[in-house]
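In my numbering, the protein residues as written are 106 to 328.
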């Protein structure tokens, strides 16, 4: 029964995605394909893959992921629009249907994420897979992790580990988000969790931030 349910979900998403694709002109499709191919290509450039055929294969895996994510999010948007139009006078039914659609989307994204990770892992090392993840999320994880350590010089190893765990979790969600704003929103959510954790540990984040800014200004003046 569960397998049939998942199959029905995927068929629904595919049909809605096809509807969205049909709404694009041939020129728009070519432009979009070019855009995601270039985006994937830039990520692959940083992986140090010497074999051109393997490089192209990895690029296409990443490109296809962007396309598949777009299909899921576009199908969701169309379904949400339909629900709001059909249930505009019934808030209870509308909210229930929207919540169900959100769960369906999360299920589809989770399945796609696992398949994508399996494909990347078959071609790349763990370190290279991390670089792909960072590339898809604007390198927010390494930048933010470095910033926390520079801002709070007395972080313990356990605290650094916990910060990295939460930023890594944020990255997994952000990879599947459909826009820059929503990718950054995932990190923002987890940064809030990290800040609460550090405050509970006794850190005055406002004071730490001021001290960090003073150190940066002093360093800039000596360079």
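Using N, Cα and C, we set each Cβ at its ideal position, and we do this for glycine too.
The model shown is predicted, which means the values in this text are computed figures rather than measured ones.
For residue 248, count neighbouring Cβ atoms within 10 angstroms of its own Cβ and tell me buried if that reaches 16, exposed if not. For this step, residue 248 is matched to residue 143 along the chain shown. Result: exposed.
Using the rule of at least 16 other Cβ atoms within 10 Å of the residue's Cβ for burial, across every protein chain shown, is residue 195 buried or exposed? The residue labelled residue 195 in the question sits at position 90 within the chain shown. Exposed is the call here.
For residue 245 and residue 208, I'd like the C-alpha separation in whole angstroms. Position 140 of the chain shown holds residue 245. Position 103 of the chain shown holds residue 208. In a straight line, the C-alpha of residue 245 is about 27 Å away from that of residue 208.
Would you call the segment 280 to 299 and the segment 168 to 178 in contact, with 3 or more CB pairs under 8 Å? yes
Tell me which residue opens and which closes the alpha helix (DSSP H) that residue 309 is part of. The residue labelled residue 309 in the question sits at position 204 within the chain shown. No alpha helix (DSSP H) contains residue 309, which DSSP labels as neither H nor E.
Can you tell which of 300, 273 and 163 has its C-alpha closest to the C-alpha of residue 253? Here residue 253 is taken as the residue at index 148 of the chain shown, counted from 1. Among 300, 273 and 163, the Cα nearest to that of residue 253 belongs to 300.
Give every residue of the same chain whose Cβ lies closer than 8 Å to the Cβ of residue 218, excluding the five residues on either side of it in the sequence, and list them in chain order. Residue 218 sits at position 113 when you count from the first residue of the chain shown. So the list reads 277, 280 and 281, once near-sequence residues are dropped.
Cα-Cα separation, residue 109 to residue 198: By one-based count along the chain shown, residue 109 stands at place 4. By one-based count along the chain shown, residue 198 stands at place 93. Low per-residue confidence applies at residue 109: pLDDT is 40, beneath 50, and the placement is therefore not dependable, though the value from the model is reported in the following sentence. C-alpha separation (whole angstroms): 25 Å.
If you check the beta carbons only, do residue 159 and residue 233 fall under 8 Å apart? Against the chain shown, residue 159 aligns to sequence position 54. Against the chain shown, residue 233 aligns to sequence position 128. Not a contact, by the Cβ cut-off of 8 Å.
Roughly how many angstroms lie between the CA atoms of residue 312 and residue 154, to the nearest whole one? The residue you call residue 312 lines up with position 207 of the chain shown. The residue you call residue 154 lines up with position 49 of the chain shown. Residue 312 and residue 154: Cα-Cα distance of roughly 44 Å.
Count the other CB atoms within 10 Å of the CB of residue 243; is the residue buried (16 or more) or exposed (fewer)? The residue labelled residue 243 in the question sits at position 138 within the chain shown. Residue 243 should be labelled exposed.
By alpha-carbon positions, which one of 230, 145 and 261 ends up nearest to residue 306? To locate residue 306, count along the chain shown from 1; it is residue 201. If we check each option's Cα against that of residue 306, 261 comes out closest.
Run through DSSP, which three-state label would residue 281 get? Numbered from its first residue, the chain shown carries residue 281 at position 176. If DSSP states are grouped into helix, strand and coil, residue 281 belongs with coil.
Could you check how far apart the C-beta atoms of residue 177 and residue 206 are, in whole angstroms? I think they sit under 8 Å. Residue 177 sits at position 72 when you count from the first residue of the chain shown. Residue 206 sits at position 101 when you count from the first residue of the chain shown. About 11 Å; that fails the 8 Å criterion.
Quick check on DSSP: helix, strand or coil for residue 212? Taking the chain shown and counting its residues from 1, one reaches residue 212 at position 107. Here residue 212 sits in helix by DSSP.
Look up residue 155 in the DSSP assignment and say whether it is helix, strand or coil. Mapped onto the chain shown, residue 155 falls at position 50. Looking at residue 155 - three-state DSSP - the assignment turns out to be coil, as it is neither helix nor strand.
Thinking C-alpha only, which one of 290, 308 and 267 is nearest residue 259? Residue numbering aside, residue 259 sits at position 154 when the chain shown is read from its first letter. Of the listed residues, the one whose Cα sits closest to residue 259 is 308.
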